[in-house]
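**Student:**
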Amino acid sequence: MVFQLQRQVRPLVEIDQLQMHYPLGGVWGSKQSLKAVDGISLHIRQGETLGLVGESGCGKSTAGQLAARLLEPTGGRIFYKGEDLLRLRSDRDKQLRKQIQYVFQDPYTSMNPKHTIAGLLEEPLRIHRIGTRSERKAHVRDMLEQIGLNESYAPRYIHELSGGQRQRIGIARALMLQPEFLVLDEPVSALDVSVQSQILNLLKDLQQRFSLTYLFISHDLNVVHYMSDRVAVMYLGKIVELADVLDLYESPLHPYTKALISAIPAEQRGQSRGRIKLQGEIPSASNTPSGCSFHTRCPFVMERCRQEEPTLKLIRPGRRVSCHLQE
Amino acid sequence: MKRKAKTTLWIGIVLVAILLSMMIISFIYIPHDVNEMNIQGRLQSPGGGHWFGTDNFGRDIFSRVMEASRTAFAVGFVSVAIGLTGGFIIGASAGYIGRWADEVLMRMVDALLAFPGILLALILVTVFEPSLFQTMIAIGILSIPNFARVIRSGFLQFKQAEFVRAARGLGAGHGTLIFRHIVPHVISPVIVAASLSFSTAILIEAALSYLGLGVQPPDPSWGRMLNESQSYISKAPWFALAPGIFITLTVLGFNLLGDGIRDLRDRRA
Numbered sequence: 091m092v093f094q095l096q097r098q099v100r101p102l103v104e105i106d107q108l109q110m111h112y113p114l115g116g117v118w119g120s121k122q123s124l125k126a127v128d129g130i131s132l133h134i135r136q137g138e139t140l141g142l143v144g145e146s147g148c149g150k151s152t153a154g155q156l157a158a159r160l161l162e163p164t165g166g167r168i169f170y171k172g173e174d175l176l177r178l179r180s181d182r183d184k185q186l187r188k189q190i191q192y193v194f195q196d197p198y199t200s201m202n203p204k205h206t207i208a209g210l211l212e213e214p215l216r217i218h219r220i221g222t223r224s225e226r227k228a229h230v231r232d233m234l235e236q237i238g239l240n241e242s243y244a245p246r247y248i249h250e251l252s253g254g255q256r257q258r259i260g261i262a263r264a265l266m267l268q269p270e271f272l273v274l275d276e277p278v279s280a281l282d283v284s285v286q287s288q289i290l291n292l293l294k295d296l297q298q299r300f301s302l303t304y305l306f307i308s309h310d311l312n313v314v315h316y317m318s319d320r321v322a323v324m325y326l327g328k329i330v331e332l333a334d335v336l337d338l339y340e341s342p343l344h345p346y347t348k349a350l351i352s353a354i355p356a357e358q359r360g361q362s363r364g365r366i367k368l369q370g371e372i373p374s375a376s377n378t379p380s381g382c383s384f385h386t387r388c389p390f391v392m393e394r395c396r397q398e399e400p401t402l403k404l405i406r407p408g409r410r411v412s413c414h415l416q417e
Numbered sequence: 678m679k680r681k682a683k684t685t686l687w688i689g690i691v692l693v694a695i696l697l698s699m700m701i702i703s704f705i706y707i708p709h710d711v712n713e714m715n716i717q718g719r720l721q722s723p724g725g726g727h728w729f730g731t732d733n734f735g736r737d738i739f740s741r742v743m744e745a746s747r748t749a750f751a752v753g754f755v756s757v758a759i760g761l762t763g764g765f766i767i768g769a770s771a772g773y774i775g776r777w778a779d780e781v782l783m784r785m786v787d788a789l790l791a792f793p794g795i796l797l798a799l800i801l802v803t804v805f806e807p808s809l810f811q812t813m814i815a816i817g818i819l820s821i822p823n824f825a826r827v828i829r830s831g832f833l834q835f836k837q838a839e840f841v842r843a844a845r846g847l848g849a850g851h852g853t854l855i856f857r858h859i860v861p862h863v864i865s866p867v868i869v870a871a872s873l874s875f876s877t878a879i880l881i882e883a884a885l886s887y888l889g890l891g892v893q894p895p896d897p898s899w900g901r902m903l904n905e906s907q908s909y910i911s912k913a914p915w916f917a918l919a920p921g922i923f924i925t926l927t928v929l930g931f932n933l934l935g936d937g938i939r940d941l942r943d944r945r946a
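Residue numbers (this note's numbering), protein chains in the order written: chain A, 91 to 417; chain B, 678 to 946.
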């Protein structure tokens with residue numbers, strides 16, 4: 091492992107060259123594939139929030155689902171406290187699934203509409219055979235209080251709740267098994283702005299209370315700025331820049347990050363900076379450009395970028411970028 | 678639109694309720710002994726103690742129709758139960774496992790479906806001894822493809838649902854995923870299919886019995902009554918009319934019931 095060790099302790103989660111390639115049709119098994127996640131490596135330290143940003147279709151959700159074991163990767167490894175998650179015996183696998191939980195973007199589709207709130211919250215406990223019936227009920231009541239609702243919600247159904255309440259239930263459900271690591275996949279992007287801040291504050295609060303580690307996925311740079319300790323920027327299945335949050339927003343290095351940051355309205359950045367507008371659309375993940383995958387849209391493109399693929403290089407401690415300009 | 682669907686449903690419910698109560702009452706009370714012959718009173722027209730008249734042996738037609746409703750309902754229930762069980766096993770496996778299992782099972786279903794129904798039933802019934810029991814089994818097997826397809830498509834749809842993936846991510850086993858998450862969503866289309874299958878079963882039973890290959894004497898059957906009435910159609914048209922009307926009403930009742938439930942469900946979805 092080539093990570094710069096900033097602390098002596100091993101990170102909680104280490105992701106190494108993780109890949110998710112979907113084969114594309116072809117009777118004779120053609121070589122073409124859709125590279126949703128194409129070799130990403132990163133680590134997440136105990137207690138921190140790592141933000142993962144990128145535009146739609148860049149593979150950030152897929153990366154989150156791989157980390158939470160909702161999908162099986164086609165390549166690479168995931169270590170959790172040093173254990174290789176993809177090579178576990180099934181009983182150990184079930185134990186570790188308890189510690190890693192996933193919060194879906196849309197709580198309405200991710201929870202069975204035919205179950206009551208109590209049933210939904212109890213389900214993780216039932217699956218893992220934890221507690222007696224009455225203990226589980228008590229745990230459900232307790233959890234509803236923890237996330238700012240109360241017992242009266244237990245017999246209701248998910249469609250009876252507002253968007254913010256639904257997401258509270260989604261978070262509560264993820265917390266039922268007392269996990270250590272939560273993957274939050276765009277947890278607030280379906281919500282109104284006023285409700286967003288309530289949920290974000292709840293998440294920060296819960297992180298303190300239960301000493302949680304977050305992988306926070308979002309396309310909203312303001313939200314990521316508010317939530318994260320460090321940020322990874324993804325483009326077309328790869329990580330292009332990785333930095334501490336303040337560092338990244340102050341001095342983005344990768345042209346793509348620069349473009350993203352410059353798109354935040356000036357008042358919010360406190361200073362005005364030239365807007366970098368990106369031309370064109372994000373290329374298809376099934377037909378990625380040669381060389382640097384960003385070269386088709388990069389304002390600073392050089393001949394080398396079309397030929398040679400840059401690697402995610404360490405610029406200084408805690409700062410990685412994948413660009414030929416930074417050499 | 679809404680009113681129309683409701684009307685359909687209510688007519689269906691009322692028809693089915695009337696026929697069902699007639700079937701239940703037949704266990705307690707039947708106006709005349711179904712096998713009591715009366716040569717002097719043969720082929721009487723309706724009226725005078727015989728609501729639907731008498732047949733060629735002077736037996737009360739209404740009593741016979743009433744008793745035959747038991748056979749019709751028994752065939753309906755048992756064959757739907759067989760079709761549902763077989764259809765669930767095939768459809769759920771095909772939809773849940775997918776890939777090769779789906780291909781193999783659904784091609785088998787297609788093969789079964791490619792046979793004309795009545796022909797298959799005729800083969801099954803003639804290979805074995807024709808009887809009430811054989812008829813039920815033959816019709817049950819015939820209705821498997823219909824259930825298998827409905828259940829498979831429900832499984833295909835909900836296997837990919839996010840809440841199912843979420844439960845799987847929590848570590849839920851196949852039993853939990855199938856019976857707690859997918860099955861509750863598949864029940865309502867299955868009820869519709871069951872209702873429509875029920876009426877088809879009754880119709881096929883009548884057809885087989887009319888051909889003399891279904892229910893055998895002494896078990897009464899609407900289909901066989903139609904057959905017996907054939908020779909007297911011009912002299913005593915009511916003889917054929919009574920079982921005919923009951924077959925029609927039963928089939929209509931269950932079809933309307935099924936359609937009504939489906940319309941109601943579609944609107945809600």
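For glycine and all other residues, C-beta sits at the position ideal for the given N, C-alpha and C. Since the structure is predicted, the reported quantities are computational estimates derived from the model, not experimental observations.
For isoleucine 738 of chain B, name the three-state secondary structure that DSSP assigns.
**Tutor:** Residue 738 of chain B sits at position 61 when you count from the first residue of the second sequence. Isoleucine 738 of chain B: helix per DSSP, three-state reduction.
**Student:** Inspect the CB distances between the segment 288–300 of chain A and the segment 222–234 of chain A and report whether three or more fall short of 8 Å.
**Tutor:** With a cut-off of 8 Å, the segment 222–234 of chain A and the segment 288–300 of chain A do not count as touching, because too few Cβ pairs lie within range.
**Student:** Please classify glutamine 907 of chain B: is it buried, with 16 or more other beta-carbons within 10 angstroms of its beta-carbon, or exposed?
**Tutor:** To locate residue 907 of chain B, count along the second sequence from 1; it is residue 230. By the 10 Å Cβ count, glutamine 907 of chain B comes out exposed.
**Student:** I'd like to know whether the C-beta of arginine 857 of chain B is nearer than 9 Å to at least one C-beta of chain A.
**Tutor:** Translated into positions along the second sequence, residue 857 of chain B becomes position 180. Closer than 9 Å to some Cβ of chain A, the Cβ of arginine 857 of chain B qualifies, so yes.
**Student:** Taking the CB atoms as reference points, tell me whether isoleucine 248 of chain A and methionine 324 of chain A lie closer together than 9 Å.
**Tutor:** Indexing the first sequence from 1 puts residue 248 of chain A at position 158. Indexing the first sequence from 1 puts residue 324 of chain A at position 234. No, these two residues do not count as a Cβ contact at 9 Å.
**Student:** Under the rule that 16 or more other beta-carbon atoms within 10 Å means buried, what is leucine 686 of chain B, buried or exposed?
**Tutor:** What you label residue 686 of chain B is simply residue 9 of the second sequence in a count that begins at 1. Leucine 686 of chain B is buried by the Cβ-count criterion.
**Student:** Helix or strand or just coil, what does DSSP make of serine 123 of chain A?
**Tutor:** Walking along the first sequence from the start, residue 123 of chain A turns up at place 33. Looking at serine 123 of chain A - three-state DSSP - the assignment turns out to be strand.
**Student:** How would you list, in chain order, the residues of chain A whose beta-carbon sits under 8 Å from the beta-carbon of alanine 844 of chain B?
**Tutor:** For the purposes of this step, residue 844 of chain B is taken as residue 167 along the second sequence, with counting starting at 1. Going along chain A in sequence order, the residues near alanine 844 of chain B (Cβ under 8 Å) are Asn202, Glu213, Ile217.
**Student:** Report all residues from its chain with a CB closer than 6 Å to the CB of leucine 439 of chain A; omit the five preceding and five following residues, and keep chain order.
**Tutor:** Because chain A spans 91 through 417 in this model, residue 439 of chain A falls outside it and cannot be assessed.
**Student:** Less than 9 Å between the beta carbons of phenylalanine 782 of chain B and alanine 771 of chain B, yes or no?
**Tutor:** Counted from its first residue, the second sequence places residue 782 of chain B at position 105. Counted from its first residue, the second sequence places residue 771 of chain B at position 94. According to the sequence as given, residue 782 of chain B is leucine; it is not phenylalanine. Yes, Cβ-Cβ distance for leucine 782 of chain B and alanine 771 of chain B is below 9 Å.
**Student:** With DSSP as the reference, label alanine 280 of chain A as helix, strand or coil.
**Tutor:** Position 190 of the first sequence, counted from the first residue, corresponds to residue 280 of chain A. Correct three-state label for alanine 280 of chain A: coil.
**Student:** So, does the CB of phenylalanine 832 of chain B fall closer than 9 Å to a CB anywhere in chain A?
**Tutor:** For the purposes of this step, residue 832 of chain B is taken as residue 155 along the second sequence, with counting starting at 1. No, phenylalanine 832 of chain B lies away from the interface with chain A (no Cβ there is under 9 Å from its Cβ).
**Student:** Using three-state DSSP, classify proline 113 of chain A as helix, strand or coil.
**Tutor:** Against the first sequence, residue 113 of chain A aligns to sequence position 23. It is a strand residue.
**Student:** If you count every other CB in all the chains shown that lies within 10 Å of the CB of threonine 684 of chain B, and 16 or more means buried, which is it?
**Tutor:** Here residue 684 of chain B refers to the residue found at position 7 when the second sequence is read from its first residue. Label assigned to threonine 684 of chain B: exposed.
**Student:** Contact defined as beta carbons within less than 8 Å: I believe tyrosine 243 of chain A pairs with isoleucine 207 of chain A. What is the distance between those atoms, to the nearest angstrom?
**Tutor:** Sequence index remark: in the first sequence, residue 243 of chain A carries index 153 (1-based). Sequence index remark: in the first sequence, residue 207 of chain A carries index 117 (1-based). Between isoleucine 207 of chain A and tyrosine 243 of chain A the Cβ distance is about 5 Å, and since that is below 8 Å, they are a contact.
**Student:** What whole-angstrom Cβ distance do glycine 848 of chain B and lysine 184 of chain A have, given they're in contact under 8 Å?
**Tutor:** Along the second sequence, one-based indexing puts residue 848 of chain B at 171. Along the first sequence, one-based indexing puts residue 184 of chain A at 94. About 5 Å separates the two Cβ atoms, so the contact holds.
**Student:** Which of helix, strand or coil does DSSP assign to methionine 91 of chain A?
**Tutor:** The residue you call residue 91 of chain A lines up with position 1 of the first sequence. Its pLDDT being 45, under 50, methionine 91 of chain A is placed unreliably by the model, and nothing is read from it.
**Student:** Give me the Cα-Cα distance between glycine 141 of chain A and aspartate 181 of chain A, rounded to the nearest whole angstrom.
**Tutor:** Position 51 of the first sequence, counting from 1, holds the residue named residue 141 of chain A. Position 91 of the first sequence, counting from 1, holds the residue named residue 181 of chain A. Roughly 31 Å between the two C-alpha positions.
**Student:** Residue range of the beta strand (DSSP E) that serine 308 of chain A falls in?
**Tutor:** Numbered from 1 along the first sequence, position 218 holds the residue referred to as residue 308 of chain A. Counting along the chain, the beta strand (DSSP E) containing serine 308 of chain A begins and ends at 303–308.
**Student:** Decide yes or no for the touch test of the segment 326–339 of chain A against the segment 403–414 of chain A: beta carbon pairs closer than 8 Å, at least 3 of them.
**Tutor:** Judged by Cβ distances under 8 Å, the segment 326–339 of chain A makes contact with the segment 403–414 of chain A, as three or more pairs qualify.
**Student:** Which bits of chain A does glutamate 839 of chain B rub up against, with CB to CB less than 8 Å?
**Tutor:** One-based indexing of the second sequence puts residue 839 of chain B at position 162. Within chain A, the residues near glutamate 839 of chain B are Phe194, Asp196, Thr199, Ser200.
**Student:** Would you mind working out which of B:His709, B:Arg741, B:Ala749 sits nearest serine 948 of chain B, comparing C-alpha positions?
**Tutor:** With chain B represented from 678 up to 946, any question about residue 948 of chain B goes unanswered, as that position is not in the structure.
**Student:** If you drop the 5 nearest sequence neighbours on each side, which residues of the same chain put their C-beta closer than 8 Å to that of valine 92 of chain A?
**Tutor:** As a position in the first sequence, residue 92 of chain A is number 2, starting the count at 1. Because the pLDDT of valine 92 of chain A is 47, which lies under 50, any placement of that residue in the model is unreliable, and the number read from its coordinates should be weighed accordingly. For valine 92 of chain A, where only same-chain residues beyond five positions count, there are no Cβ hits under 8 Å.
**Student:** Helix, strand or coil for tyrosine 131 of chain A? Go by DSSP, reduced to three states.
**Tutor:** Within the first sequence, numbered from 1, the residue matching residue 131 of chain A stands at position 41. Before going on, a small fix: residue 131 of chain A reads as serine here, not tyrosine. DSSP places serine 131 of chain A in strand when its eight states are reduced to three.
**Student:** Under a three-way DSSP split, which group does phenylalanine 75 of chain A fall into?
**Tutor:** Residue 75 of chain A is absent from the model: chain A starts at 91 and stops at 417.
**Student:** Secondary structure at valine 867 of chain B, three-state DSSP: helix, strand or coil?
**Tutor:** Mapped onto the second sequence, residue 867 of chain B falls at position 190. Helix.
**Student:** Does the segment 336–343 of chain A come into contact with the segment 157–168 of chain A, if we say contact requires no fewer than three beta-carbon pairs (one atom in each stretch) closer than 8 Å?
**Tutor:** The segment 336–343 of chain A vs the segment 157–168 of chain A: no contact.
**Student:** Rounding to the nearest angstrom, what Cα-Cα distance links arginine 719 of chain B and aspartate 779 of chain B in this structure?
**Tutor:** As a working note, residue 719 of chain B is residue 42 in the second sequence. As a working note, residue 779 of chain B is residue 102 in the second sequence. Arginine 719 of chain B and aspartate 779 of chain B: Cα-Cα distance of roughly 58 Å.
**Student:** Return yes when the Cβ of isoleucine 307 of chain A is within less than 9 Å of the Cβ of leucine 274 of chain A, no when it is not.
**Tutor:** Here residue 274 of chain A refers to the residue found at position 184 of the first sequence. Here residue 307 of chain A refers to the residue found at position 217 of the first sequence. Cβ atoms of leucine 274 of chain A and isoleucine 307 of chain A: closer than 9 Å.
**Student:** Between isoleucine 879 of chain B and isoleucine 922 of chain B, is the Cβ-Cβ spacing less than 9 Å?
**Tutor:** By 1-based counting over the second sequence, the position of residue 879 of chain B is 202. By 1-based counting over the second sequence, the position of residue 922 of chain B is 245. Contact: no.
**Student:** DSSP puts glutamine 191 of chain A in a beta bridge; with which residues?
**Tutor:** The sequence position of residue 191 of chain A within the first sequence is 101, counting from 1. Answer is A:Leu272.
**Student:** Considering only their Cβ atoms, is the gap separating leucine 934 of chain B from leucine 692 of chain B smaller than 9 Å?
**Tutor:** Along the second sequence, read from residue 1 onward, the residue named residue 692 of chain B stands at position 15. Along the second sequence, read from residue 1 onward, the residue named residue 934 of chain B stands at position 257. Yes, Cβ-Cβ distance for leucine 692 of chain B and leucine 934 of chain B is below 9 Å.
**Student:** Which bits of chain B does alanine 158 of chain A rub up against, with CB to CB less than 8 Å?
**Tutor:** To locate residue 158 of chain A, count along the first sequence from 1; it is residue 68. Gly846, listed in chain order.
**Student:** Would you mind working out which of A:Ile168, A:Ser374, A:Ser352 sits nearest lysine 367 of chain A, comparing C-alpha positions?
**Tutor:** In the first sequence, residue 367 of chain A corresponds to position 277, counting from 1. Residue A:Ser352 is the option with its Cα nearest to lysine 367 of chain A.
**Student:** Throw me the rounded Cβ distance for the glycine 735 of chain B and isoleucine 716 of chain B pair, which I believe falls under 8 Å.
**Tutor:** One-based indexing of the second sequence puts residue 735 of chain B at position 58. One-based indexing of the second sequence puts residue 716 of chain B at position 39. Glycine 735 of chain B to isoleucine 716 of chain B, Cβ: 6 Å. Contact.
**Student:** Residues of chain A with a CB under 8 Å from the CB of histidine 1024 of chain B: which are they?
**Tutor:** Residue 1024 of chain B lies beyond the stretch modelled for chain B, which goes from 678 to 946, so this question has no answer here.
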